[in-house]
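Encoded as C-alpha cells, the structure appears first; notes follow it.
Numbering (the numbering used here), first residue to last: 43 to 562.
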C-alpha cells in the first residue's frame, strides 16, 4: 500500500521510456515545445492518491489529471461527456443508463469498460465518497452501465462530473490501494510529502495529448512565499495569491490573470429557531442593513469574488437557473430601521441600541476560520449592524466548533461556506433547507422543503429551472441569511504560459494543464 511519505514510482506503463526521459536534470531547463516542464505553486499538499480519501473540501483536484470522470463541465459550465458518450434517465431519474466511450484504455494498458466503472463506483460508495441512494449497478454489456436508485436521483449527471474512475489494477490482491492508474492525460511519477507531486504526460492518452511533458506541483503554504516564487521564476503558475500581489503583478505586464467563477456561496445564516431571528421582519431588516458590495470589495477584493447581489445564486455558474427578474436586498439602512421598528424594536433610552420588551438587541456573530477574510467580513457586518441599532459581538471559531454550534443551534448568526461540488446547487439547498440533514437545516419551511425534494425527482431542465426560480423567491421572502459572495478561482501565470482553458467545478481546477503550451 502506498504510504503518505512517498508513492511507489515503479508503476508499469505501456511506454516505459516515459519515466526515463522525465527524470534527467536536463529537462529542468526545457521551457518550450512538447518537452516543456511546468511548475505550479500550490498552497497545500495532496491528501492521497487513493480515490477513497477526500482532501479538505473534496477530492484533491490534481487527481482529476490522472483519474477522469464520466462527465465534465466545460468552461461555460455545460455538461459534456468525458468517458461517457451519453446518459439517459427513466422513471423520474430513478434509473440512469450511461453509454461509455470505446477504445479507451487505462494508462497501464488495461481496457476501460463497464466493469471498471462498476468497480470504481462501488469502491467509492463503500468508502462513503459518494452518498447516493443507490440500489444496484448493472452492466448489460462492456460499454453500458445501468444505475438503479432506491428513489429518484435527478442530480446524478452533475455528481458524475466529480466521480473518479480508476482501474481495478490500482489495487492489490487483498483490495488495498497500491498505485494510481486512470485514463487521464497525465500519469503519476513521484510524491514527496509536503514538498511536491510530479506527473508525466500519458503518452497513450485516448484524447488530445497535453502539450507539456512534465508537471510539478510545488507545495508552498505561505501566500507571500508562493507569490515570490512566481515572481522569481521558481514556479510558472500559482493560485490562491493575495489580491494585493495579483494587482501588482498585473501592472508589470509579465503575468496573465485567469479567473473562473465558483458556485460556492459564502453567507451568514440566521438562527431562525429562536429570538430575535425567528421574526422574518428582523431577518429582512438585517439583509437590508448589510452593505454586501462594499464589504466584499474591501475585504476580499473585486478581482477575487462575485458579491452576492442577486441572492444565493449570484455566481455566473448559476446563470442558467437564476431568476432573471428577481431583485435581491440592496443596501438600505433606512429600510432596515423601518422593518425593525415594525417588529417592535425601539431605542428607548437613546444609547444607540434597540430594545424590545426590556431586552437589548445584542447578538453574537460567529466568524469562520475556513477563509482568511472571515473575521474581517464579520467585523464589517458588525459595523453595519451598529448603524441600525444592533450590537453584534464577533466570535471566531475553528470549523469543527462552528459546525457544532450550527448543529446544536447555539448561535445567533454564523458564517457558512458552500456545499458546491459542481454548479447544480441541489445539495446546497438540501443541506441547509431540506429534510435530509435536519441537524443543519437553518429554516424549517414546508414549502421550501417540498420544492427541494422535487429537485431530486425532476429531470427535465426547464422544469428544474422553474423550481429553482420559486426557491429563490421563497428565500428572499423568508430571508434565512445574508448572502455574501462567491470566491472565484484566480490563477496567475507567467506570460510565456499560454492556452489557458479553465473547465468548471473542482475537477476543472487544473484543467488548463491539458491545454497550455510554453513559449521560449
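For each residue, glycine too, the CB sits at the ideal point set by N, CA and C. Every value quoted in this text rests on a predicted model; they were computed, and no experiment measured them.
Item	Value
Helix, strand or coil: how does DSSP classify residue 342 here?	coil
Which first and last residues belong to the alpha helix (DSSP H) in which residue 331 is found?	322 to 331
Considering Cα atoms alone, identify which of 240, 186, 395 is closest to residue 138.	186
Is there contact between the segment 104 to 119 and the segment 547 to 556, where contact requires at least three CB pairs shorter than 8 angstroms?	yes
Below 8 angstroms on the Cβ atoms is my contact criterion, and I expect residue 110 with residue 207 to pass it. Report the Cβ-Cβ distance as a whole number of Å.	6 angstroms
Going by C-alpha distance, which of 225, 411, 131, 166 is nearest residue 144?	225
Taking 6 angstroms as the limit between beta carbons, can you name the residues of its chain near residue 197, skipping five residues before and five after?	466, 468
Report the rounded CA-to-CA distance for residue 511 versus residue 493, giving the unit in angstroms.	10 angstroms
For chain D, check one thing: does any of its Cβ atoms lie closer than 8 angstroms to the Cβ of residue 232?	The chain labelled as chain D is not found in the depicted structure, where only one protein chain is given.
For residue 105, which three-state DSSP category applies?	helix
State the beta-bridge partners of residue 564 as determined by DSSP.	Only positions 43 to 562 of the chain appear in the structure, and residue 564 is not among them; the question remains open.
Since residue 406 is in the beta strand (DSSP E), which residue starts that stretch and which ends it?	404 to 410
Under the DSSP definition of a beta bridge, which residues are partnered with residue 256?	79, 242
At what residues does the beta strand (DSSP E) containing residue 437 begin and finish?	433 to 439
Suppose you measure from the CA of residue 286 to the CA of residue 488; what does that come to, to the nearest Å?	45 angstroms
Note down, in chain order, each residue of its chain lying with its Cβ closer than 6 angstroms to the Cβ of residue 302, except the 5 sequence neighbours on either side.	531, 544
Buried or exposed, going by whether 16 or more other CB atoms sit within 10 Å of the CB of residue 391?	exposed
Does the ligand MN have even one heavy atom less than 7 angstroms from the beta-carbon of residue 250?	In terms of ligand content, the structure shown is empty, and the ligand MN therefore cannot be addressed.
If I measure Cβ to Cβ from residue 244 and keep anything under 7 angstroms in the same chain, skipping five residues before and after, which residues do I get?	149, 226, 227, 228, 229
Starting from residue 489, follow its DSSP beta bridges and name the residues at the other end.	According to DSSP, residue 489 bridges with nothing at all.
Is the distance from the Cβ of residue 314 to the Cβ of residue 522 below 8 angstroms?	yes
Are three or more beta carbon pairs between the segment 77 to 88 and the segment 250 to 263 nearer than 8 angstroms?	yes
Relative to the C-alpha of residue 151, which residue among 106, 223, 102 is closest?	223
Rounded to a whole number of angstroms, what is the C-alpha to C-alpha distance between residue 554 and residue 454?	42 angstroms
Compute the beta-carbon to beta-carbon distance between residue 299 and residue 290, rounded to the nearest angstrom, for a pair I have assumed lies under 8 angstroms.	Contact doesn't hold; Cβ gap of about 11 angstroms is too wide.
Where does residue 135 fall in DSSP's three states?	helix
Just checking my contact of residue 404 with residue 438 at CB under 8 angstroms: how many whole Å lie between their CB atoms?	That belief does not hold up - the Cβ atoms of residue 404 and residue 438 are roughly 18 angstroms apart, past 8 angstroms.
On a CA-only basis, which of 539, 312, 557 is nearest residue 277? Give me that one, please.	539
Find the nearest neighbour of residue 387 within the set 361, 281, 433, judged by alpha-carbon distance.	433
Where do the N-terminal and C-terminal ends of the beta strand (DSSP E) with residue 415 fall, by residue?	Element bounds for residue 415: n/a, residue is neither H nor E.
Would you tell me roughly how many angstroms separate the C-alpha atoms of residue 505 and residue 326, rounded to the nearest one?	29 angstroms
My guess is that residue 526 and residue 338 are in contact by the Cβ rule of under 8 angstroms, so how many angstroms apart are they, rounded?	6 angstroms
Span of the beta strand (DSSP E) holding residue 470?	Note, residue 470: premise wrong, no beta strand (DSSP E); alpha helix (DSSP H) at 468 to 475.
Ends of the alpha helix (DSSP H) at residue 268?	265 to 273
Can you tell me whether residue 526 is helix, strand or coil according to DSSP?	strand
Between 180, 167, 130, 184, which lies nearest to residue 153 when the distance is taken from Cα to Cα?	184
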